[in-house]
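Below is one structure, written out as structure tokens, with a few remarks after it.
Numbering (the working numbering), first residue to last: 8 to 193.
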């Protein structure tokens, strides 16, 4: 097994374990056991748990943002429909059996005095989402402030769904987003 294969195996194990049980609850030995990567190679690839957490979140960011971007782009047509497609995508995500809320905010909340590498990934992820929502709102003819309101709807729906999984919070947030869009473009 080379370092590239070890990295993939470690990230696969970390993604499942960290998202399911939490960053603090999962030790490096459990990651090693789950991945089948020898301890020496684990620490060669990821010298500290902080590096593994940051890499896990980086990879999750790439997958999450790509999935959302594809869904929004598939909702071609009027720009308003692309804004609402965000909430349709959230409804699908919230309905997944393994849904446990926002991995980025979960990690941030768990780690307290967040390591810089982890904090950077979380902030970059949220900045991307805020920019996406602001851009979609602007394209739909809404004023600049609507993007921030949509961000609050997305984050709020995600938090509610973490407590009560299922698509309902996303559908409720979508209804609110429709109302906000209608009022904003008048």
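In this text, a Cβ means the ideal position worked out from N, Cα and C, and glycines have one as well.
As the structure is a computational prediction, the values presented were derived from the model and not from experiment.
Would you kindly check if the distance between the Cβ of residue 39 and the Cβ of residue 24 is under 8 Å?
-> Along the chain shown, one-based indexing puts residue 24 at 17. Along the chain shown, one-based indexing puts residue 39 at 32. Taking 8 Å as the Cβ cut-off, residue 24 and residue 39 do not qualify as a contacting pair.
Quick one: measure Cβ to Cβ for residue 21 and residue 59, integer angstroms, because I've assumed they're closer than 8 Å.
-> In the chain shown, counting from the first residue as 1, residue 21 sits at position 14. In the chain shown, counting from the first residue as 1, residue 59 sits at position 52. Confirmed, Cβ separation roughly 6 Å.
Kindly list the residues whose CB is nearer than 8 Å to the CB of residue 156, restricted to its own chain and excluding five residues on each side of it in sequence; keep chain order.
-> Your numbering for residue 156 matches position 149 in the chain shown. So the list reads 187, once near-sequence residues are dropped.
With DSSP run on the structure shown, which of helix, strand or coil describes residue 86?
-> Residue numbering aside, residue 86 sits at position 79 when the chain shown is read from its first letter. DSSP places residue 86 in helix when its eight states are reduced to three.
Skipping 5 residues on each side, what residues in its chain have a beta carbon closer than 8 Å to that of residue 126?
-> The residue you call residue 126 lines up with position 119 of the chain shown. Closer than 8 Å at the Cβ level, and outside the excluded window around residue 126, lie 115.
Is it buried or exposed for residue 154, if we count other Cβ within 10 angstroms and need 16 for buried?
-> On the chain shown, position 147 is the one that residue 154 refers to. Buried, by the Cβ-count rule.
Would the stretch 104-119 and the stretch 164-174 be scored as touching if the rule is three or more Cβ pairs under 8 Å?
-> yes
CA-CA distance, residue 202 and residue 57?
-> Only positions 8 to 193 of the chain appear in this structure, which leaves residue 202 out of reach.
Cβ-based burial, residue 28 [other Cβ within 10 Å; buried from 16] = As a first step, residue 28 is located in the chain shown; it is residue number 21 there, counting from the start. Exposed: under 16 other Cβ atoms inside 10 Å.
From the DSSP output, in three-state form, read off residue 33 for me.
-> As a first step, residue 33 must be located in the chain shown, where it is residue number 26. Three-state DSSP puts residue 33 in coil, outside helix and strand.
Specify the secondary structure class of residue 107 as computed by DSSP and reduced to three states.
-> Here the question's residue 107 lines up with position 100 in the chain shown. Residue 107: coil per DSSP, three-state reduction.
State the Cα-Cα distance for the pair residue 76 and residue 97, rounded to the nearest angstrom.
-> As a first step, residue 76 is located in the chain shown; it is residue number 69 there, counting from the start. As a first step, residue 97 is located in the chain shown; it is residue number 90 there, counting from the start. Computed Cα separation, rounded: 12 Å.
Pairwise C-alpha distance: residue 145 and residue 196 | Lying before the first or after the last residue shown, residue 196 is absent from the chain, which here runs from 8 to 193.
Counting only the same chain and skipping the five closest in sequence on each side, list residues whose C-beta sits under 6 Å from that of residue 70.
-> Within the chain shown, residue 70 is the residue found at index 63, counting from 1. Cβ within range, chain order: n/a, list empty.
Within 8 Å, strictly: CB atoms of residue 42 and residue 65 = Residue numbering aside, residue 42 sits at position 35 when the chain shown is read from its first letter. Residue numbering aside, residue 65 sits at position 58 when the chain shown is read from its first letter. No, they are not a contact pair.
Assumed close pair residue 161, residue 140 - CB separation to whole angstroms, cut-off 8 Å = Numbered from its first residue, the chain shown carries residue 161 at position 154. Numbered from its first residue, the chain shown carries residue 140 at position 133. Correct: roughly 7 Å between the Cβ atoms.
For residue 190, is the classification buried or exposed, using 16 other Cβ atoms within 10 angstroms of its Cβ as the cut-off for buried?
-> Looking up residue 190 in the chain shown gives position 183. Exposed, because fewer than 16 other Cβ atoms sit within 10 Å of the Cβ of residue 190.
Under the rule that 16 or more other beta-carbon atoms within 10 Å means buried, what is residue 82, buried or exposed?
-> Position 75 of the chain shown, counted from the first residue, corresponds to residue 82. Buried is the call here.
For residue 14, collect the residues of the same chain with a Cβ closer than 6 Å to its Cβ; drop the 5 residues on either side in sequence, then sort them by chain order.
-> Here residue 14 refers to the residue found at position 7 when the chain shown is read from its first residue. Counting only Cβ-Cβ distances below 6 Å, and skipping sequence neighbours, we find 52.
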